[in-house]
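J.:
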Amino acid sequence: MGSTHRLSDLTSLEFSKPTIITFIRNHAAAIFRDWVRLWVLCGMAAVIHSIPIYKPDNRIVPVYLGPSGQFTFPTELLYPKKAALVSTSICTFLTGIMPSLVMTLFQIKIQSALDWRIGTTGVMKAVLVTTIISCCLKHFVGGFRPHYIEVCQPDLALLTNLDASSNTTWWMSPSACTGNEKAVHEALRGLPSGHAASAFSAAVFLSLYLNGKLKLFSDFAPRTLSLAGLITPLLLASLMSGSQYVTHQHHAHEILVGILIGIVIGICSYRLRYAAIFDFRYNHIPLTKFSSAIDDPPTFGNLRLPNDEKRRLGQWWARLSEREEDNTLDDVELESPS
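Just so you know, we're using the working numbering here: the sequence shown kicks off at 56 and counts up by one.
#1: Put P288 into one of helix, strand or coil per three-state DSSP.
#2: Helix, strand or coil: how does DSSP classify R244 here?
#3: Find the nearest neighbour of L342 within the set P201, L315 and I173, judged by alpha-carbon distance.
#4: What first and last residue would you give for the alpha helix (DSSP H) that runs through P394?
#5: If I measure Cβ to Cβ from M99 and keep anything under 6 angstroms in the same chain, skipping five residues before and after, which residues do I get?
#6: Rounded to whole angstroms, how far is the Cβ of G151 from the Cβ of Y325, which I believe are closer than 8 angstroms?
#7: Figure out for me which residue from I163, Q208, H303 and A242 has the closest Cα to the Cα of K193.
#8: For L342, name the three-state secondary structure that DSSP assigns.
#9: Who are the Cβ neighbours of A139 in its own chain at under 6 angstroms, not counting the five residues just before and after it?
#10: How is V178 classed by DSSP in three states: helix, strand or coil?
#11: To the nearest angstrom, how far is the alpha carbon of G284 from that of S105?
#12: Please list the terminal residues of the continuous alpha helix (DSSP H) segment that includes Y203.
#13: Which residue wins for smallest C-alpha separation from V116, given the options L149, I108 and P229?
#14: Go ahead and pull the three-state DSSP assignment for Y325.
#15: Does the distance from the CB of L214 to the CB of A231 come in under 8 angstroms?
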């Protein structure tokens with residue numbers, strides 16, 4: 056015979072409202088470990104961003120010699136350098152702090168320290184992992200930003216003709232640039248757009264969080280206002296990404312690659328922190344880590360339950376929603392598998 060657990064134990068580790076002392080005792084160590092991991096990820100992103108770019112002289116620009124003897128550069132690299140509409144500090148606030156504030160406001164209704172910890176640290180880790188991936192691609196792949204020529208300020212005497220039989224095509228490497236070296240190397244880090252990647256990783260994670268709590272994609276039609284709340288993070292991320300295009304910070308393909316990276320990381324990060332993505336029965340349940348070798352602990356964290364018990368789990372949450380106003384709940388017992 057397997058051991059018997061209350062269904063409330065399988066779905067929430069803190070169904071009763073914890074006191075401050077209980078919260079500190081149960082979550083202080085976990086919060087400390089989460090923040091240590093966050094700072095480690097921050098350090099990794101900072102180190103990758105600060106190291107010298109990988110073989111910058113391999114990145115060359117074609118230069119054409121016109122009929123009048125003047126050198127002409129590719130048109131897509133001749134845009135003027137403009138200040139970004141969304142600075143790095145504003146991007147950090149919108150992608151890291153703002154989603155955490157939204158999840159904190161949800162705790163007025165949910166009142167779950169576990170959900171708050173899993174959600175806030177999850178979205179921050181998603182953004183940091185996205186930043187690390189973006190920095191790696193910028194460092195090893197990169198690409199010329201639209202304002203590269205203005206930042207480079209090339210010395211035409213340093214151009215290279217790789218084809219002695221032709222005098223019409225020349226090549227320019229970063230060694231021909233006379234502009235600020237740091238600015239030149241930053242102009243070589245075009246692919247992908249870090250703003251677009253970070254914005255969409257946070258927006259996708261937050262949208263999935265809102266969907267899990269508001270149950271928009273479920274077995275009933277959602278309210279228009281709730282649907283607007285779900286779309287808002289994605290709209291803001293789109294506007295942030297578009298701002299990089301209109302100010303000529305990135306080419307369109309660099310932004311699209313950043314968006315793709317952000318979407319993939321956002322979906323993966325949410326699934327690593329919550330029990331499902333679109334299954335409305337479980338996509339609001341935060342995942343925790345349990346050791347199955349000690350005293351047969353509850354299996355909530357890994358949801359190691361038969362399908363029939365998972366179905367009853369979803370039905371239990373549906374009944375809980377119906378009884379919200381009465382604030383009463385009858386304990387239902389499930390027999391866990393042996």
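C-beta: ideal position from N, C-alpha, C; glycine also.
Nothing here was measured: the structure is a model prediction, and the numbers come from that model.
T.: So, from the listed chains and residues:
#1: helix
#2: Three-state result, R244: strand.
#3: I173
#4: What is shown of the chain runs 56 to 393, which leaves residue 394 out entirely.
#5: I187
#6: Between Y325 and G151 the Cβ distance is about 15 angstroms, and since that is not below 8 angstroms, they are no contact.
#7: The candidate whose alpha carbon is nearest that of K193 is A242.
#8: Coil.
#9: T302 and Q304
#10: helix
#11: The straight-line gap from Cα to Cα measures roughly 37 angstroms.
#12: Y203 to C207
#13: P229
#14: helix
#15: yes
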